[in-house]
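Residue numbers (the working numbering): 10 to 784.
Note that the Cβ used here is the ideal one computed from N, Cα and C, for glycine as well.
Since this is a predicted model, take the numbers as computed values, not measurements.
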């Protein structure tokens, strides 16, 4: 079997049982013209006993030629044949008849790749016509050519430097690759081969030897499709779930053109895609997808690099690291052109090195230089067509715009949170070993888990399975002076209860903010007035509208009313009951001590996170506090105001829907700021007025028995029914809780309400129109 240097080893695929033939002596070819024939010349009598093809020393296959100038019992190879087959003059060799079709059925050459150089180094700068070279090589009809074989040809070329004179020049050809086919034609490609027979449909593809200085023009392209994907490859073999659509897009944009023959792609006048950007939330499979792409391709092993690894403290080293990544691809492209294999470079954390130019003020300019170097390598003057750059980031907004235009990272695919079908695929992948080893209990329903894991990323689902397994481990730990494995550990099974416990432990980053919302919904909503039912019903309608309407992908509602009237609780309850996978609250309580810019960034992050979920609710609580509004002055943060105005009206991306619920106790202030126009609807939440509403609250808390309740109503009827009396439900509940601690709760409660009413009346006498008790 010939090696890349033209040597072969005994026992190669050329070998067949020896029959006939004999021992021959190697002599010099008697005629110089024999050097350009690619034939092993013999005396006609000897040639007839060998046949069309001969096997030399069970290692090298030659096409046999006849000449009366060759003495019997000798063979006359040319100089190139002697180098290839390692033949010395006067040395005896063994030559036997050879039948290619006894070795392999697909013995014809579908495509042969030839490396071309000068026979002797010449000072020739004119380009040699590749079509003329291919024409001569294709003239070797019925000849056997082998991998590593060397032969010489003579082709005409026109020298522009010599005034257009046409003359012959000898070229050295080396066979670097052979793809064989059946007799029907080049369209039925079989695969790599060590030898083959040239015929009329064989494709000749040329490479120039970069060390020879030869220049080619009109290089013929292969008509055969490249075998880019590994045989019998299946996407499910990658072990990635929920990313079928993303894989289909990557295949269509980045790989579909690469499996067609170059001649077909050239007719369309298009270039292959050189860059793909995968962006999306952390843990959704971007890095895994990029790494696994290399496993499905017959390409060079992908180069994987993390963005920060490129950076170097020494001047120029960061840029040099970029150049090194493209070095192997450049070298092969110079040798093979479009026939070189695909080189994949995978950049993780691309935003670390490719941020917007001009945004770094470190004084070194390294960040900008790295971006410039990367741009020049992808789409510069000496652009490569055998490179595919795959970048990954969680922050697409930070990537320099020049990298995102067509011709560079032109295919931008969002790898979002998996849907229910995708989550089921991921659960199947991560529980496959548990199932196959019989350690998954029958009560575990993966469909149920897929439904319960809304907005879980792939990494979080993997964490969920690990957590459930830890609960199963824990059941079989024997606790004593030291923790040991219980004797029944072989009966271990992962049960449904383990997954339910894991769901309480592993929370999705883009899920419902349970802990925050529970603070506002720990007590049931008290429907002291029909308006509360109306508000909850309207909230359900808004939730359904955003979920299903084609025109309301974004809807915002302002809940306004006196302080303590239950605005936040109602907004949180609407969010909790919505069954939306993403519900988060923007509250001034979580931003104490934040600077103005830090608040803007925090608010913007919640909204950006909401865009990653198909259905989201954002509760913007206590807007006047977020805006830092105070009546003394007055003053507020215009930066936060402008950010909120933008975010309240910013449409979410396609296939994303967002419901915004905002609360305020100062609607008039929002009107002055021009903010109330940003909301699609408004809902007013009143204070408690009148004995009917007051009584419903008392009955709901079940603090007083029937006699005590009658006493309270009788004592407070005139006070509560006063048209100037109103009290926030939050204030009333706190007063009830305080009275409970007294030895005589009924009397304490009655006295507190009367005192509050008197204070309110006094306040109304001294201030213009403030009748909101508990403000």
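Can you tell me which of the three DSSP states residue i falls into?
i           : result
residue 440 : coil
residue 604 : coil
residue 683 : coil
residue 381 : helix
residue 287 : strand
residue 693 : strand
residue 106 : strand
residue 569 : strand
residue 402 : strand
residue 124 : strand
residue 423 : strand
residue 78  : coil
In the DSSP assignment, find the alpha helix (DSSP H) that holds residue i and state where it starts and stops.
i           : result
residue 530 : 523-530
residue 561 : From DSSP, residue 561 is part of no alpha helix (DSSP H); its letter is neither H nor E.
residue 586 : 576-586
Out of the options, state which residue places its alpha-carbon closest to the alpha-carbon of residue i.
i           : options               : result
residue 151 : 61, 442 and 684       : 61
residue 305 : 337, 273, 353 and 331 : 353
residue 54  : 68, 75, 47 and 43     : 75
residue 295 : 602, 252, 678 and 32  : 252
residue 717 : 694, 685, 757 and 731 : 757
residue 227 : 262, 327 and 139      : 139
residue 661 : 208, 561, 731 and 337 : 561
residue 574 : 428, 544, 258 and 759 : 544
residue 667 : 622, 653, 685 and 691 : 622
residue 419 : 434, 397, 403 and 393 : 397
residue 135 : 119, 149, 163 and 173 : 173
residue 678 : 656, 496 and 634      : 634
Excluding five sequence neighbours on each side, which residues of the same chain lie with their C-beta closer than 6 Å to the C-beta of residue i?
i           : result
residue 821 : Any property of residue 821 remains undetermined from this structure, which presents the chain solely from 10 to 784.
residue 764 : none
residue 124 : 183, 185, 216 and 218
residue 476 : 511, 514 and 515
residue 407 : 360 and 364
residue 507 : 477, 480 and 481
residue 335 : 386
residue 402 : 288, 359 and 360
Could you tell me the alpha carbon to alpha carbon distance between residue i and residue j, rounded to whole angstroms?
i           : j           : result
residue 195 : residue 184 : Caution is warranted here: a pLDDT of 44 is assigned to residue 195, below 50, making its placement in the model unreliable, and no coordinate value can be reported.
residue 379 : residue 331 : 7 Å
residue 590 : residue 556 : 12 Å
residue 414 : residue 215 : 33 Å
residue 736 : residue 624 : 36 Å
residue 523 : residue 530 : 10 Å
residue 101 : residue 177 : 36 Å
residue 436 : residue 526 : 28 Å
residue 626 : residue 534 : 20 Å
residue 455 : residue 593 : 27 Å
residue 79  : residue 47  : 16 Å
residue 258 : residue 443 : 32 Å
residue 384 : residue 505 : 52 Å
residue 501 : residue 473 : 18 Å
residue 4   : residue 224 : The structure shown does not extend to residue 4, since the chain spans only 10 to 784, so no value can be given for it.
residue 82  : residue 37  : 13 Å
residue 446 : residue 440 : 10 Å
residue 651 : residue 613 : 12 Å
residue 65  : residue 278 : 47 Å
residue 314 : residue 355 : 6 Å
residue 393 : residue 222 : 20 Å
Along the chain, where does the beta strand (DSSP E) that runs through residue i open and close?
i           : result
residue 181 : 174-190
residue 593 : 591-595
residue 72  : 69-75
residue 745 : No beta strand (DSSP E) contains residue 745, which is instead part of the alpha helix (DSSP H) from 738-749.
residue 716 : Per DSSP, residue 716 belongs to no beta strand (DSSP E); it is in the alpha helix (DSSP H), 715-729.
residue 624 : 624-629
residue 204 : 204-206
So, for residue i: in the same chain, excluding its five sequence neighbours on each side, which residues have a beta-carbon less than 7 Å away from its beta-carbon?
i           : result
residue 344 : 216 and 219
residue 361 : 316 and 317
residue 292 : 466, 467, 468 and 469
Beta-carbon within less than 8 Å of residue i's beta-carbon, same chain only, minus the 5 sequence neighbours each way: which residues are those?
i           : result
residue 388 : 283, 416 and 417
residue 43  : 50, 74, 76, 85 and 87
residue 672 : 567, 568, 569, 576, 577, 580, 628, 629, 630, 631 and 632
residue 193 : In this prediction, residue 193 scores a pLDDT of 48, lower than 50, which makes its location untrustworthy; no coordinate-derived value is stated.
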